[in-house]
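Each remark here refers to the structure printed beneath this line.
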Amino acid sequence: MNYQEVYDLIARFDASGLQTLKLSNGDFSIEMEKPVPEAPAAVPVFAPAAVPGAIPAQAPQTPAAEEGLTIDAPLVGTFYAAPAPDQPPFVSEGSQVKKGQTVCLIEAMKTMIEVPAPQDCVIETVLKANGELASFGEALMRCRPC
């Protein structure tokens with residue numbers, strides 16, 4: 518199996534309802550397991566009583582989601598900005614990258630996965646800190662096409 522097939526398998530497993538997966542193919546073997554979700558405790562819901570003459574509460578204003586292109590985590594793992602601790606990061610804010618150029622690494626199951634740029638772009642913001650856990654599909658960097 519090549520890296521892309523492993524990424525696809527992990528992504529499909531993560532999106533599936535399966536709890537465990539074991540696969541062997543020749544000299545390749547992989548085993549994945551998701552934690553069993555706990556059932557949430559029942560919480561009683563009380564509606565506040567209407568007070569005559571009271572001004573209704575307004576919903577809190579939420580900031581508009583930032584728009585633009587993001588480079589997302591292809592799987593769950595640890596984000597690394599550089600190829601090694603003693604080396605400079607692959608990219609920094611303001612870096613111009615080409616499609617397919619490695620912008621960071623995700624470590625999953627003791628394997629380093631290169632994350633490529635989806636297109637020619639300029640990195641505007643690195644959203645993850647080095648060594649921080651990244652979830653599947655979570656934005657790692659915000660960029661704009663060039």
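Per our numbering, the very first residue in the sequence shown carries number 518; after that it's consecutive.
Yeah, the Cβ is synthetic: ideal placement off N, Cα and C, and Gly gets one too.
So, using beta-carbon positions, are residue i and residue j closer together than 8 Å?
{"i": "V593", "j": "A646", "result": "no"}
{"i": "E610", "j": "L622", "result": "no"}
{"i": "C663", "j": "V643", "result": "no"}
{"i": "F545", "j": "L538", "result": "no"}
By alpha-carbon positions, which one of the options ends up nearest to residue i?
{"i": "A590", "options": "N542, L526, P633, C638", "result": "P633"}
{"i": "T619", "options": "Y597, K627, P602", "result": "Y597"}
{"i": "S541", "options": "M629, S533, V523, A528", "result": "V523"}
{"i": "P602", "options": "G648, D531, V614, S533", "result": "G648"}
{"i": "E694", "options": "E655, P635, S612", "result": "Residue 694 is absent from the structure shown; the chain starts at 518 and stops at 663."}
{"i": "R661", "options": "D525, Q536, K616, P600", "result": "K616"}
{"i": "P635", "options": "L535, L526, V614", "result": "V614"}
{"i": "L535", "options": "E655, F653, P552", "result": "P552"}
{"i": "M626", "options": "I527, Q604, P600", "result": "I527"}
{"i": "V608", "options": "D525, G585, R659", "result": "R659"}
The beta strand (DSSP E) spanning residue i covers which residue range?
{"i": "F545", "result": "545-550"}
{"i": "P633", "result": "628-633"}
{"i": "V608", "result": "Run containing V608: none; DSSP gives neither H nor E here."}
{"i": "K539", "result": "537-542"}
{"i": "A601", "result": "From DSSP, A601 is part of no beta strand (DSSP E); its letter is neither H nor E."}
Per DSSP, what are the beta-bridge partners of residue i in this structure?
{"i": "G594", "result": "A651"}
{"i": "C638", "result": "V614, P662"}
{"i": "D589", "result": "A656"}
{"i": "V643", "result": "M658"}
If you follow the alpha helix (DSSP H) that residue i is part of, which residue opens it and which one closes it?
{"i": "A528", "result": "520-532"}
Rounded C-beta distance between residue i and residue j? I'm assuming under 8 Å.
{"i": "I588", "j": "L657", "result": "5 Å"}
{"i": "T595", "j": "E550", "result": "Going by Cβ atoms, the distance from T595 to E550 rounds to 18 Å, so no, they are not a contact pair."}
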